[in-house]
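Which chain is which? The protein sequence lines are A and B, in order. Just so we're aligned: the first sequence equals residues 348 to 590 in my numbering. Just so we're aligned: the second sequence equals residues 348 to 590 in my numbering. First comes the structure, then the notes that go with it.
2 protein chains.
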Amino acid sequence: MTAMLQIAPIAHEALSTRSRVAWPVIEGGKPRETTDPMTAALQSIGTVMKFKRNAAVFSEGDPARCVYKVVSGAVRTCRVLMDGRRQIADFYLPGDFFGLDWQAEHGFTAEAIADAVVVSYPRSQLEQIAETKPAVQKLLMSMLCKGLSSTQNHLVMLGRQTAQERLAWFLLGLMARSDDNTNLDLPMSRLDIADYLGLTIETVSRCVSEFKRKHFISVAGTHQVTLRNLDALEALASGEAEI
Amino acid sequence: MTAMLQIAPIAHEALSTRSRVAWPVIEGGKPRETTDPMTAALQSIGTVMKFKRNAAVFSEGDPARCVYKVVSGAVRTCRVLMDGRRQIADFYLPGDFFGLDWQAEHGFTAEAIADAVVVSYPRSQLEQIAETKPAVQKLLMSMLCKGLSSTQNHLVMLGRQTAQERLAWFLLGLMARSDDNTNLDLPMSRLDIADYLGLTIETVSRCVSEFKRKHFISVAGTHQVTLRNLDALEALASGEAEI
DNA sequence: CGCAAGTTTGACGTACATCAAGTAGTGTGG
DNA sequence: CCACACTACTTGATGTACGTCAAACTTGCG
Chain A
348 MTAMLQIAPI AHEALSTRSR VAWPVIEGGK PRETTDPMTA ALQSIGTVMK
398 FKRNAAVFSE GDPARCVYKV VSGAVRTCRV LMDGRRQIAD FYLPGDFFGL
448 DWQAEHGFTA EAIADAVVVS YPRSQLEQIA ETKPAVQKLL MSMLCKGLSS
498 TQNHLVMLGR QTAQERLAWF LLGLMARSDD NTNLDLPMSR LDIADYLGLT
548 IETVSRCVSE FKRKHFISVA GTHQVTLRNL DALEALASGE AEI
Chain B
348 MTAMLQIAPI AHEALSTRSR VAWPVIEGGK PRETTDPMTA ALQSIGTVMK
398 FKRNAAVFSE GDPARCVYKV VSGAVRTCRV LMDGRRQIAD FYLPGDFFGL
448 DWQAEHGFTA EAIADAVVVS YPRSQLEQIA ETKPAVQKLL MSMLCKGLSS
498 TQNHLVMLGR QTAQERLAWF LLGLMARSDD NTNLDLPMSR LDIADYLGLT
548 IETVSRCVSE FKRKHFISVA GTHQVTLRNL DALEALASGE AEI
């Protein structure tokens with residue numbers, strides 16, 4: 348509630364890693380960024396940073412000084428309760444912006460799911476640009492609105508959907524973000540999925556098995572999923588009757 | 348996903364009601380609005396509207412043409428699944444703005460909880476004002492950010508908290524919104540609370556009884572609650588150990 | 001290869017949902 | 001003022017979806 352304005356710097360723990368790891372396949376997908384006004388205006392003020400798997404980009408309570416964009420890899424924002432329960436608010440894939448809190452402090456911790464490259468944009472400079480360029484201002488607003496809207500959908504899912512409905516919703520959401528390709532690469536672990544969907548790892552695993560049995564999906568190597576029956580998945584995700 | 352741009356007008360069903368009902372006691376509380384730049388700029392473009400209990404201010408899928416402010420009464424935003432399951436995204440009390448979707452369509456339905464008076468501001472005019480007055484622009488951004496932040500907190504609660512923790516969180520949230528007065532008026536029904544917290548009406552009722560038994564709260568007439576042990580409630584709400 | 005981390009599967013427990021009666025509150029008309 | 005109905009809330013008995021605990025199985029990197 349009270350903004351404490353702590354002076355702790357943005358977490359740079361894993362900034363200088365140069366590990367030669369294969370980037371997640373996700374990066375092979377079509378780049379989400381075309382030549383929008385934002386990209387041009389932002390190129391100059393961005394700083395490239397690298398993070399190893401599980402390294403924090405920023406932590407809950409850090410002063411919200413920057414906005415970030417995923418270049419490669421993937422990022423999650425989450426909060427951990429005192430007894431270890433964790434809720435993931437969102438996943439960010441290449442091209443996605445995150446950390447747009449625009450308040451005194453970040454309310455969530457952001458961590459790299461897989462080794463990630465991220466560009467950071469100082470908020471102060473971003474605000475300057477926005478004041479002179481209404482197009483950028485509007486883009487910021489629209490990004491915030493999209494975030495709000497997706498968070499609200501997440502809310503409904505967590506409040507009222509069953510485990511199977513949650514998983515179907517999750518898979519279709521991922522599909523929509525990867526140009527409606529039914530071949531999905533899940534950069535995150537089962538635990539991440541569970542904490543995103545408000546379930547346990549075991550329940551997620553059981554639902555995946557159930558979907559395989561019903562031929563809704565097929566799985567290769569636990570991180571490659573192919574959606575095989577979109578109609579059935581969509582019926583589940585939107586809260587229609589069980590089969 | 349696809350913006351259909353339907354031409355249906357904003358719901359005006361209950362606009363012209365003039366029923367002489369006692370307004371909820373909430374209105375007696377301190378007005379949340381001081382003389383901010385927004386208020387001045389907005390006074391001219393606002394339209395006052397009245398809604399009877401349960402009347403819709405706007406419905407899911409309506410074109411998002413206006414932003415609204417509660418003058419008196421209370422409003423909820425919710426979504427109903429096909430089989431009747433309902434999730435309430437937020438409650439809005441006098442002074443609160445709602446409907447700030449800033450997208451093609453409203454993602455949720457907004458309904459009056461108690462008979463309500465609301466001011467509507469056309470988005471087109473609001474955008475004009477914002478372009479010339481950066482202060483208004485910033486206020487819009489900050490309102491959006493606050494909404495996002497509160498939705499994210501809601502998310503964690505729905506994903507990872509127990510029934511008792513949810514109720515404690517809810518009561519403390521209401522308290523914070525009413526100038527930290529421990530005497531709360533709940534304008535909403537037990538069903539509304541249940542649908543906000545992702546529970547059933549019976550579970551909410553049982554938790555209220557449990558809190559009474561433990562002397563965390565005392566209740567008069569089902570809608571007047573007094574918080575009697577803030578420490579215990581805060582410990583619960585933030586996910587500390589059970590007692 | 002070989003180990004450690006991640007995932008799946010099974011047996012069992014529990015918090016919350018569901019179903020079903022009650023018991024306030026609230027408003028209406030005599 | 002009470003009788004009536006109606007809606008909202010509470011309480012109890014029982015069910016179930018998902019969590020927990022524990023053991024096997026896979027996967028993938030050193």
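Think of the CB as a built atom: it goes at the ideal place given N, C-alpha and C, for glycine as much as any other residue. It should be emphasised that the depicted structure is a prediction, and the values quoted were computed from it without experimental measurement.
Range covered by the beta strand (DSSP E) that runs through residue i
i, result
"Ile564 of chain B", "564 to 567"
"Pro469 of chain B", "456 to 469"
"Ser556 of chain B", "Premise fails: Ser556 of chain B lies in the alpha helix (DSSP H), 548 to 560, not in any beta strand (DSSP E)."
"Ser419 of chain A", "413 to 427"
"Thr509 of chain B", "It is not in any beta strand (DSSP E) - Thr509 of chain B carries neither H nor E in the DSSP assignment."
"Leu531 of chain A", "530 to 532"
"Lys480 of chain A", "Element bounds for Lys480 of chain A: n/a, residue is neither H nor E."
"Lys399 of chain B", "Neither: Lys399 of chain B is in no beta strand (DSSP E) and is coded neither H nor E."
"Gln571 of chain A", "571 to 574"
Limits of the alpha helix (DSSP H) - the one that residue i falls within
i, result
"Arg433 of chain B", "Taken as a continuous stretch (DSSP letters only), Arg433 of chain B belongs to no alpha helix (DSSP H), being part of the beta strand (DSSP E) at 433 to 439."
"Leu580 of chain B", "577 to 584"
"Ala541 of chain A", "537 to 544"
Within chain B, partners of residue i - CB distance below 9 Å
i, result
"Ala579 of chain A", "In chain order: nothing, as chain B lies at least about 15 Å away."
Best match in the options for proximity to residue i [C-alpha to C-alpha]
i, options, result
"Val555 of chain A", "A:Asp527, A:Ala515, A:Asn576", "A:Ala515"
"Leu577 of chain B", "B:Tyr543, B:Ser552, B:Asn528, B:Cys413", "B:Asn528"
"Ala460 of chain A", "A:Val503, A:Ser497, A:Ser536", "The sequence shown places Ile at residue 460 of chain A, not Ala. When only C-alpha atoms are compared, the closest one is A:Ser536."
"Ile392 of chain A", "A:Ala579, A:His570, A:Val466", "A:Val466"
"Ala451 of chain A", "A:Pro481, A:Arg412, A:His562", "A:Arg412"
"Val417 of chain A", "A:Asn401, A:Met396, A:Met429", "A:Met396"
"Gly446 of chain A", "A:Ala402, A:Leu580, A:Tyr415, A:His570", "A:Tyr415"
"Asp462 of chain A", "A:Arg400, A:Tyr468, A:Gly494", "A:Arg400"
"Asp532 of chain A", "A:Leu487, A:Leu544, A:Val572", "A:Val572"
"Leu389 of chain B", "B:Ala477, B:Arg426, B:Ala403", "B:Ala477"
"Asp443 of chain A", "A:Leu518, A:Leu491, A:Val427", "A:Leu491"
"Leu544 of chain B", "B:Gln484, B:Cys425, B:Val464", "B:Cys425"
"Leu580 of chain A", "A:Thr569, A:Leu519, A:Leu502", "A:Leu519"
Where residue i meets chain A, residues with beta-carbon distance less than 8 Å
i, result
"Thr498 of chain B", "Leu495, Thr498, Gln499, Leu502"
Residue-level contact to chain A via CB, residue i, 8 Å cutoff
i, result
"Gln472 of chain B", "no"
"Asp430 of chain B", "yes"
"Gln571 of chain B", "no"
"Gly586 of chain B", "yes"
"Leu574 of chain B", "no"
"Asp443 of chain B", "no"
"Gln450 of chain B", "yes"
"Gln484 of chain B", "yes"
"Val368 of chain B", "The predicted position of Val368 of chain B is uncertain, since its pLDDT is 32 and thus under 50; a value taken from the coordinates is nonetheless stated next. No, Val368 of chain B lies away from the interface with chain A (no Cβ there is under 8 Å from its Cβ)."
Listed by chain order, chain A residues near residue i by CB distance under 9 Å
i, result
"Pro469 of chain B", "Near Pro469 of chain B there are no residues of chain A at all, since even the closest Cβ is about 17 Å away, more than 9 Å."
Residue-chain proximity (residue i, chain B), Cβ-Cβ < 8 Å
i, result
"Met488 of chain A", "yes"
"Lys377 of chain A", "Model confidence at Lys377 of chain A stands at a pLDDT of 37, short of 50, so the residue's coordinates are unreliable; what they give is reported in the following sentence. Chain B, which has no Cβ nearer than 8 Å to the Cβ of Lys377 of chain A, makes this no."
"Cys492 of chain A", "yes"
"Phe455 of chain A", "yes"
"Ala403 of chain A", "no"
Where residue i meets chain A, residues with beta-carbon distance less than 7 Å
i, result
"Pro481 of chain B", "Glu478"
"Ala436 of chain B", "Gln499, Leu502"
"Gly506 of chain B", "Gln434, Leu505, Gly545"
Interface residues of chain B facing residue i [CB-CB closer than 7 Å]
i, result
"Arg426 of chain A", "Val503"
Say whether the region 517 to 535 of chain B touches the region 469 to 484 of chain B, bearing in mind that this needs 3 or more beta-carbon pairs closer than 8 Å, one atom from each stretch.
no
On the three-pair Cβ rule with 8 Å, is the region 449 to 465 of chain B touching the region 403 to 423 of chain B?
yes
Would you call the region 434 to 453 of chain A in contact with the region 499 to 507 of chain B, where contact means no fewer than 3 C-beta pairs closer than 8 Å?
yes
When you compare the region 437 to 444 of chain B with the region 417 to 428 of chain B, are there three or more beta-carbon pairs, one atom per stretch, that lie closer than 8 Å?
yes
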